[in-house]
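Trainee: One line per chain: the protein sequences are E and Z, in this order.
Be aware that the first sequence starts at 137, since it is given in this note's numbering, and climbs by one per residue.
Be aware that the second sequence starts at 137, since it is given in this note's numbering, and climbs by one per residue.
No residue lacks a Cβ here, since even glycine has one placed at the ideal position from N, Cα and C.
Submitted below is the structure of interest, expressed as structure tokens.
There are 2 protein chains.
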Amino acid sequence: MKRWDTVAIVGVGLIGGSVGRALLARGLAGRVIGIGRRASTLRKARQLGAVSETTTRLAQGVAEAQLVIVCTPVDSVVPLVREAAAACPPGCLLTDAGSTKARIVAELDAGLDQGVAFVGSHPLAGSDRSGPEWARDDLFQDRVVVITPTARTRVRDVARIRAFWRALGAGVVAMSPRRHDETVAATSHAPHVLAALLAGATPRRYLPLVASGWLDTTRVAGGDVETWTQILQQNRAAVLKSLDKFAKVLDAMRRALAEDDRPAIAGLLEAGKRNRDAVGN
Amino acid sequence: MKRWDTVAIVGVGLIGGSVGRALLARGLAGRVIGIGRRASTLRKARQLGAVSETTTRLAQGVAEAQLVIVCTPVDSVVPLVREAAAACPPGCLLTDAGSTKARIVAELDAGLDQGVAFVGSHPLAGSDRSGPEWARDDLFQDRVVVITPTARTRVRDVARIRAFWRALGAGVVAMSPRRHDETVAATSHAPHVLAALLAGATPRRYLPLVASGWLDTTRVAGGDVETWTQILQQNRAAVLKSLDKFAKVLDAMRRALAEDDRPAIAGLLEAGKRNRDAVGN
Numbered sequence: 137m138k139r140w141d142t143v144a145i146v147g148v149g150l151i152g153g154s155v156g157r158a159l160l161a162r163g164l165a166g167r168v169i170g171i172g173r174r175a176s177t178l179r180k181a182r183q184l185g186a187v188s189e190t191t192t193r194l195a196q197g198v199a200e201a202q203l204v205i206v207c208t209p210v211d212s213v214v215p216l217v218r219e220a221a222a223a224c225p226p227g228c229l230l231t232d233a234g235s236t237k238a239r240i241v242a243e244l245d246a247g248l249d250q251g252v253a254f255v256g257s258h259p260l261a262g263s264d265r266s267g268p269e270w271a272r273d274d275l276f277q278d279r280v281v282v283i284t285p286t287a288r289t290r291v292r293d294v295a296r297i298r299a300f301w302r303a304l305g306a307g308v309v310a311m312s313p314r315r316h317d318e319t320v321a322a323t324s325h326a327p328h329v330l331a332a333l334l335a336g337a338t339p340r341r342y343l344p345l346v347a348s349g350w351l352d353t354t355r356v357a358g359g360d361v362e363t364w365t366q367i368l369q370q371n372r373a374a375v376l377k378s379l380d381k382f383a384k385v386l387d388a389m390r391r392a393l394a395e396d397d398r399p400a401i402a403g404l405l406e407a408g409k410r411n412r413d414a415v416g417n
Numbered sequence: 137m138k139r140w141d142t143v144a145i146v147g148v149g150l151i152g153g154s155v156g157r158a159l160l161a162r163g164l165a166g167r168v169i170g171i172g173r174r175a176s177t178l179r180k181a182r183q184l185g186a187v188s189e190t191t192t193r194l195a196q197g198v199a200e201a202q203l204v205i206v207c208t209p210v211d212s213v214v215p216l217v218r219e220a221a222a223a224c225p226p227g228c229l230l231t232d233a234g235s236t237k238a239r240i241v242a243e244l245d246a247g248l249d250q251g252v253a254f255v256g257s258h259p260l261a262g263s264d265r266s267g268p269e270w271a272r273d274d275l276f277q278d279r280v281v282v283i284t285p286t287a288r289t290r291v292r293d294v295a296r297i298r299a300f301w302r303a304l305g306a307g308v309v310a311m312s313p314r315r316h317d318e319t320v321a322a323t324s325h326a327p328h329v330l331a332a333l334l335a336g337a338t339p340r341r342y343l344p345l346v347a348s349g350w351l352d353t354t355r356v357a358g359g360d361v362e363t364w365t366q367i368l369q370q371n372r373a374a375v376l377k378s379l380d381k382f383a384k385v386l387d388a389m390r391r392a393l394a395e396d397d398r399p400a401i402a403g404l405l406e407a408g409k410r411n412r413d414a415v416g417n
């Protein structure tokens, strides 16, 4: 039995494509309509089994959807959700997959068209890759999806959005948009900045001699620059706070090295190992 | 045909164990003698096929070796090489696998016992794991090993050490100890520090929400603290220089975020992506 007749996905890259593949592979949706601007990307997504139909016209794509997921860079989420809300049927549930939530939810929480609901989502999955060719039907399996309902959100819609992500194999955690943004500033956005700065600061002539340590530490720096610039700008206050905190421990380590202070050097490494070991691989 | 009758490995952890496994798996050595302090580790190494014989007595273990590889934390390399040089046969070649070279080579370059040669090595391979249970016979396959001969090193011994690492599947690059240390400060030691500081600076309550970005960026922070403290102390001048440079780009990014300077944010991310993409995965 299909859980949804028609699901529309706006933006069929790694995340949108993986949502579609998971829905189709698990037989959860009758139709998955891929909506995007580029015909070539849409064609690729359909060929890869990420969507069953495609269109470049958003209003047409969402006209019969019970569920719309906007999976675009964060600056496009608000206008696209508004556009979808104006064209989808009453009772339709809208969500997104953006890495920031405070601004998006604040703008959309003021209310959409009658009978249409938006609940923010952020699947903590993804990679430095982009495009539907990297989409996987198990991308959300055993991953965490943060949803960010507010005081205005109806309990029924929270249950619907939870059920959606759970159907794709994910665990769902609810928190406020602000708390979400503070958390991912520390766990994702600041790490991305540090990886990019480290990669950029490495002299070119040394690159042939990097090994797995550098490769791991800088991997996310390969991510799309436009996507990440938007994320960092939307969440800049919280990211700055995380980076300020990092700058303090960096100063402490530089002082420890300058003074050849063995216990201080070891102590800073130990604090890192403790947290890293607490998480596992 | 065996290329070496007897090879001695001092320290049978990840690196020493992998040297032994590679030698035995490729039929390159008649006997591989594992030397260490702990009988339990030596037993494990033998059971895993990393060595064919073991002893806790260094002088006895190297007595018939044509080749001795010291694979211990960097602070132990010099005393162990000296001890081995005093007990091994004339014509024996000694090397190490330490992540720092300047101090080690400077102390040993003054000369060992007559007819015994030391050439520094650093295989750019390894991981955040330690112990013989992680040893692999292909750890050096298609990896780079830096060797650090000096003006005193005999050409014959450079050729011998090159041939050794090449036989294990690695490519070999020769450079001065100082240049090696400056390079790995940027490509390995500073990245390790940043990964550890990032892991340590992440609030504990956020750890359940980390995803692949944090996991990759902090992976090396799980490495052994004692091993890394020694490396950082031995190479602290070059590491400090790398961290000072990093602190400057970190300041630039904090300023760009504080001023919401989109081109500056994107430019810093772009510089990182350019270097990261130049290397591949």
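Would you say P429/Z reaches chain E, if we count a Cβ-Cβ gap shorter than 8 Å as a contact?
Mentor: Nothing can be reported for residue 429/Z, as the shown portion of chain Z is limited to 137 through 417.
Trainee: Can at least three beta-carbon pairs, one atom from the stretch 252–260 of chain E and one from the stretch 278–290 of chain E, be found at a separation below 8 Å?
Mentor: These segments touch.
Trainee: So is S176/Z buried or exposed if we call it buried at 16+ other beta carbons inside 10 Å?
Mentor: With fewer than 16 other Cβ atoms within 10 Å, it is exposed.
Trainee: Using 8 Å as the limit for Cβ to Cβ distance, is G152/Z near chain E?
Mentor: Output row for G152/Z: interface = no.
Trainee: Using 8 Å as the threshold, is the C-beta distance between Q366/Z and P209/Z below it?
Mentor: Yes. Within cutoff.
Trainee: Give the interface partners of E406/E over in chain Z, defined as CB-CB distance under 7 Å, in chain order.
Mentor: Correct list: V361.
Trainee: With 16 other CB atoms within 10 Å as the buried threshold, where does E362/E fall?
Mentor: Its Cβ having fewer than 16 others within 10 Å, E362/E is exposed.
Trainee: Considering only the alpha carbon of each residue, which of A326/E, L229/E, I240/E lies closest to D380/E?
Mentor: Closest option to D380/E, Cα to Cα, is A326/E.
Trainee: Using a Cβ-Cβ cut-off of 8 Å, state whether D413/E counts as contacting chain Z.
Mentor: Yes, because at least one Cβ of chain Z sits closer than 8 Å to the Cβ of D413/E.
Trainee: Count the other CB atoms, across all protein chains shown, that sit within 10 Å of the CB of D141/Z; report buried if there are 16 or more and exposed otherwise.
Mentor: That one is exposed.
Trainee: Thinking C-alpha only, which one of E318/Z, G251/Z, W301/Z, R302/Z is nearest R290/Z?
Mentor: Among E318/Z, G251/Z, W301/Z, R302/Z, the Cα nearest to that of R290/Z belongs to G251/Z.
Trainee: Under a three-way DSSP split, which group does L160/E fall into?
Mentor: In the structure shown, L160/E sits in a helix (DSSP, three-state: H, G or I).
Trainee: So which of M389/Z, G247/Z, S235/Z, Q196/Z has the shortest CA-CA distance to G349/E?
Mentor: Closest by alpha carbon: S235/Z.
Trainee: Is D380/Z close to chain E? Criterion is C-beta to C-beta, closer than 8 Å.
Mentor: True, the Cβ-Cβ gap to chain E drops below 8 Å.
Trainee: Name the one or two DSSP bridge partners that H258/Z has.
Mentor: Looking at the DSSP assignment, H258/Z forms a beta bridge with V282/Z.
Trainee: From the DSSP output, in three-state form, read off E406/E for me.
Mentor: Note: E406/E maps to helix in three-state DSSP.
Trainee: E269/Z by DSSP, collapsed to three states: which one?
Mentor: Helix, per DSSP.
Trainee: Suppose contacts are defined by Cβ-Cβ distances below 8 Å. Is A181/Z in contact with V143/Z by that definition?
Mentor: Cβ distance not < 8 Å, so A181/Z and V143/Z don't count as in contact.
Trainee: Closest Cβ-Cβ distance between T354/E and chain Z: below 8 Å?
Mentor: T354/E counts as touching chain Z.
Trainee: Report yes or no: is there a C-beta of chain Z within less than 8 Å of the C-beta of A394/E?
Mentor: Yes, its Cβ sits closer than 8 Å to a Cβ of chain Z.
Trainee: Considering only C-alpha positions, which residue in the set Q277/E, L345/E, A337/E, R174/E is nearest to L194/E?
Mentor: Ranking Q277/E, L345/E, A337/E, R174/E by Cα distance to L194/E puts R174/E first.
Trainee: In terms of residue numbering, what span does the beta strand (DSSP E) encompassing G349/Z cover?
Mentor: From DSSP, G349/Z is part of no beta strand (DSSP E) but of the alpha helix (DSSP H) over 348–354.
Trainee: Apart from the five residues just before and just after A233/E, which ones in its own chain have a Cβ nearer than 8 Å to its Cβ?
Mentor: Excluding positions up to five away in sequence, the list reads I151, G152, V155, I205, V206, C207, S257, H258, P259.
Trainee: Please go through the same chain and pick out, in chain order, the residues whose beta-carbon is closer than 6 Å to the beta-carbon of L304/Z, but skip the five residues on each side of it.
Mentor: Within the same chain, L304/Z has close Cβ partners A158, F276.
Trainee: Suppose the cutoff is 7 Å on Cβ atoms and the five residues either side in sequence are ignored; what does the same chain contact list for R314/Z look like?
Mentor: Closer than 7 Å at the Cβ level, and outside the excluded window around R314/Z, lie A238.
Trainee: Given that S312/E touches chain Z, what residues does it touch there, using C-beta distances under 7 Å?
Mentor: Within chain Z, no residue comes near S312/E; the closest Cβ sits about 14 Å away, beyond 7 Å.
Trainee: Below 7 Å on C-beta distance, what does S257/E contact in chain Z?
Mentor: The contacting residues do not exist; S257/E stays about 14 Å from chain Z at best.
Trainee: Give every residue of the same chain whose Cβ lies closer than 7 Å to the Cβ of V308/E, excluding the five residues on either side of it in the sequence, and list them in chain order.
Mentor: Once the five neighbours on either side are set aside, the close Cβ partners of V308/E are V281, I283, R298, W301, R302.
Trainee: Between which two residues does the alpha helix (DSSP H) harbouring L184/E extend?
Mentor: It is not in any alpha helix (DSSP H) - L184/E carries neither H nor E in the DSSP assignment.
Trainee: Could you name the residues of chain E that A357/Z contacts, counting a contact when the two beta carbons are closer than 7 Å?
Mentor: Result: G408, K409, R412.
Trainee: Is it true that the CB of V187/Z sits closer than 8 Å to the CB of V168/Z?
Mentor: Yes. Within cutoff.
Trainee: Among all the DSSP beta bridges, which residues are the ones paired with V308/Z?
Mentor: Looking at the DSSP assignment, V308/Z forms a beta bridge with V281/Z.
Trainee: Which residues of the stretch 361–375 of chain E have a Cβ closer than 7 Å to any Cβ of chain Z? Give them in chain order.
Mentor: The residues in question are V361, W364, T365, L368, Q369, R372, V375.
Trainee: For A322/E, which residues in the same chain have their Cβ closer than 7 Å to its Cβ, ignoring the five residues on either side in sequence?
Mentor: Hits under 7 Å: S378.
Trainee: How many angstroms separate the CA atom of T190/Z from the CA atom of L178/Z?
Mentor: Each residue's alpha carbon lies about 6 Å from the other.
Trainee: Counting only beta-carbon separations shorter than 8 Å, does A242/Z have a partner in chain E?
Mentor: Not closer than 8 Å to any Cβ of chain E, the Cβ of A242/Z fails to qualify, so no.
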